[in-house]
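Data first, discussion second: the structure below is written as structure tokens.
In the numbering used here, the protein residues as written are 33 to 90.
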């Protein structure tokens with residue numbers, strides 16, 4: 033997909049969405065079955081990275 037979490041400022045990569053997916057969540061095997069969704073918030077500016085979210089049902 034074209035869902036990325038980092039874009040180079042030097043090349044203006046966010047304008048063309050030429051990014052990398054380099055932000056991750058690492059969870060234990062015990063939590064694996066409780067993961068409901070993972071989100072990338074590319075619409076939030078302020079950094080060369082965008083926020084990522086993890087929704088867990090406990």
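Yeah, the Cβ is synthetic: ideal placement off N, Cα and C, and Gly gets one too.
- Quick one: is residue 51 buried, meaning 16 or more other Cβ sit within 10 Å of its Cβ, or exposed? Residue numbering aside, residue 51 sits at position 19 when the chain shown is read from its first letter. Only buried fits residue 51, as 16 or more other CB atoms lie within 10 angstroms of its CB.
- Item | Simplified DSSP assignment, three categories, for residue 91 | Residue coverage of the chain in this structure runs from 33 to 90, which leaves residue 91 outside it and unanswerable.
- Spatial distance of residue 61 from residue 85 (CA atoms): To locate residue 61, count along the chain shown from 1; it is residue 29. To locate residue 85, count along the chain shown from 1; it is residue 53. Taking the straight line joining both Cα atoms gives about 18 Å.
- Please report how far the alpha carbon of residue 37 lies from the alpha carbon of residue 89, in whole angstroms. Locating residue 37 in the chain shown gives position 5, where the first residue counts as 1. Locating residue 89 in the chain shown gives position 57, where the first residue counts as 1. Whole-angstrom Cα-Cα distance: 24 Å.
- Query: Which residue from 40, 54 and 55 puts its Cα closest to that of residue 48?
  - Reply: In the chain shown, the residue the question calls residue 48 occupies position 16. For residue 48, the nearest C-alpha among the options comes from 40.
- Task: Identify every residue that forms a DSSP beta bridge with residue 52.
- Result: If you number the chain shown from 1, residue 52 lands on position 20. DSSP output for residue 52 lists 38 as bridge partner(s).
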